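In my numbering, the protein residues as written are 538 to 744.
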């Protein structure tokens, strides 16, 4: 049980959070520096420490401080929002966690805007994996460890998935004017896809 002296009240963008000093100082970062130094604390009329940030993801910040790990949102936009807050609070490990989540996340292109954004990325090759159109939750592609594949190639490729009518599972790789494709079967897609990527990198990208 926390003693009264160990309880800290924080006013984050108008929302009050209550936690312990030991939680806030458990991991190096903004709060540890603030509470263990002589930096003057800005307080509101209720004597809460005031922090001029959005409270939207602050529960994630607190849970990370408590456990050293946390479940992140699924939407890339929200992951980036958490990452910005983690950067402000100087939580480097949480920033890295956000990067890993984004880099291994299956990105599915549905809208025209998403497709245009993907196809205009020219700083590195684009790998588009097309699969037969159906509900994504029922798709066989989710039985494959795409996360490991995406982790392996995240620095070399922009990787995305797209549903398509009446198509076999296929991988299409393009870098500016260089284009290559391969059709894959569900049973051995992971091995074939990895071989395809390796060959493309060697042939067209000098890896």
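We put the beta carbon where it would ideally sit given N, CA and C, even for glycine. None of these values were measured; they are calculated from a predicted model.
Give me the DSSP bridge partner(s) of residue i.
{"i": "residue 587", "result": "548"}
{"i": "residue 691", "result": "Answer is none; residue 691 lacks a bridge partner."}
{"i": "residue 699", "result": "667"}
{"i": "residue 553", "result": "548"}
{"i": "residue 645", "result": "698"}
{"i": "residue 580", "result": "586"}
Can you give me the start and stop residues for the alpha helix (DSSP H) that residue i sits inside?
{"i": "residue 594", "result": "Premise fails: residue 594 is in no alpha helix (DSSP H) and is neither H nor E."}
{"i": "residue 561", "result": "558-561"}
{"i": "residue 633", "result": "629-640"}
{"i": "residue 572", "result": "567-572"}
Exposed or buried, residue i, counting other C-beta atoms within 10 Å across all chains shown (16 or more means buried)?
{"i": "residue 553", "result": "exposed"}
{"i": "residue 702", "result": "exposed"}
{"i": "residue 548", "result": "buried"}
{"i": "residue 598", "result": "buried"}
{"i": "residue 653", "result": "exposed"}
{"i": "residue 666", "result": "buried"}
With a CB to CB cut of under 6 Å and the five nearest residues on each side skipped, what residues in its chain are close to residue i?
{"i": "residue 756", "result": "Residue 756 lies beyond the residue range present for the chain, which begins at 538 and ends at 744; the question has no answer from this structure."}
{"i": "residue 564", "result": "602"}
{"i": "residue 640", "result": "691"}
Residues in the same chain with beta-carbon distance under 7 Å from residue i, minus the five sequence neighbours each way, listed in chain order, please.
{"i": "residue 632", "result": "620, 623 and 624"}
{"i": "residue 635", "result": "609, 616, 619, 620 and 623"}
{"i": "residue 649", "result": "none"}
{"i": "residue 594", "result": "618, 619 and 622"}
{"i": "residue 555", "result": "544 and 546"}
Near residue i, which residues of its chain fall below 8 Å by C-beta distance, leaving aside the five closest residues on each side in sequence?
{"i": "residue 568", "result": "561, 562, 602 and 626"}
_Any contact between the region 569-582 and the region 606-624? By contact I mean 3 or more CB pairs, one from each, below 8 Å._
No: the two stretches stay apart, fewer than three of their Cβ pairs being nearer than 8 Å.
*Are three or more beta carbon pairs between the region 598-613 and the region 651-670 nearer than 8 Å?*
Touching, no.
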